[in-house]
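Each residue of the sequence shown is one higher than the last, beginning at 2 in this note's numbering.
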Amino acid sequence: MELSMSDPQRQPPPSFLSVLTSAAAALFGVQSSKNYNRDFTRGKPIHYIVVGLIVTVVFILSVWAW
Numbered sequence: 002m003e004l005s006m007s008d009p010q011r012q013p014p015p016s017f018l019s020v021l022t023s024a025a026a027a028l029f030g031v032q033s034s035k036n037y038n039r040d041f042t043r044g045k046p047i048h049y050i051v052v053g054l055i056v057t058v059v060f061i062l063s064v065w066a067w
């Protein structure tokens with residue numbers, strides 16, 4: 002049985018690096034539509050929420066420390 006690229010249920014979830022990249026891109030508003038669609042079809046919301054909060058805290062701390 003071949004995996005279909007059009008069936009999001011059969012595709013593996015995004016890796017941690019993909020989630021981190023998506024969260025960082027969304028923070029700066031440069032998320033591509035391809036990644037946006039991948040995130041909403043294959044990703045779990047809790048992963049993006051947690052990573053998004055971590056990226057936001059790191060960004061705020063880096064601006065504050067500078």
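For each residue, glycine too, the CB sits at the ideal point set by N, CA and C. Just so you know, these numbers come straight off a predicted model, no measurement behind them.
Could you check which residue in the options has the C-alpha nearest to that of residue i?
i     : options                       : result
Pro15 : Val31, Phe29, Gly30 and Asn36 : Asn36
Ser23 : Ile61, Thr57 and Arg11        : Thr57
Ile61 : Arg11, Leu28 and Asp40        : Leu28
Can you tell me whether residue i is helix, strand or coil according to DSSP?
i     : result
Trp65 : helix
Leu28 : helix
Gly53 : helix
Lys35 : helix
Arg43 : helix
Gln12 : coil
Just to confirm my understanding: we take residue i, look at its own chain, exclude 5 residues before and 5 after, and list those with CB closer than 7 angstroms. What are they?
i     : result
Val20 : Gly44, His48, Tyr49 and Val52
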